[in-house]
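Engineer: Before I ask anything, let me first share the structure, which is written out below as structure tokens.
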Amino acid sequence: MLIDFTEAELETIAAAMDDYMCYADDEFASSEDLIGGIPVADRVESILEKIDNVIMQ
1 MLIDFTEAEL ETIAAAMDDY MCYADDEFAS SEDLIGGIPV ADRVESILEK
51 IDNVIMQ
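The sequence shown runs 1 to 57 under our numbering.
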């Protein structure tokens, strides 16, 4: 799957990931709240890694 984001859009997504990490520390989150069964921190790390790879190309 190819999504053609601009560099500014990728930077916006990366910045939003910092806010999203607040959910990683949610003491009330349960395994049923996990998207795809993957913890928030793991998803954020994966997304940021992919963004870095695209920007560095």
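Ideal Cβ positions, reconstructed from N, Cα and C, are used throughout, including at glycine.
Reducing DSSP to helix, strand and coil, say where Ser46 ends up.
Structural biologist: Three-state DSSP puts Ser46 in a helix.
Engineer: Taking Cβ positions, are Tyr20 and Val54 nearer each other than 7 Å?
Structural biologist: No. Outside cutoff.
Engineer: Got a sec, what are the start and stop residues for the alpha helix (DSSP H) Thr6 sits in?
Structural biologist: Per DSSP, Thr6 belongs to no alpha helix (DSSP H) and is neither H nor E.
Engineer: So, helix, strand or coil for Met56, using DSSP?
Structural biologist: Correct three-state label for Met56: coil.
Engineer: What is the DSSP secondary structure of Ile13, counted as helix, strand or coil?
Structural biologist: In the structure shown, Ile13 sits in a helix (DSSP, three-state: H, G or I).
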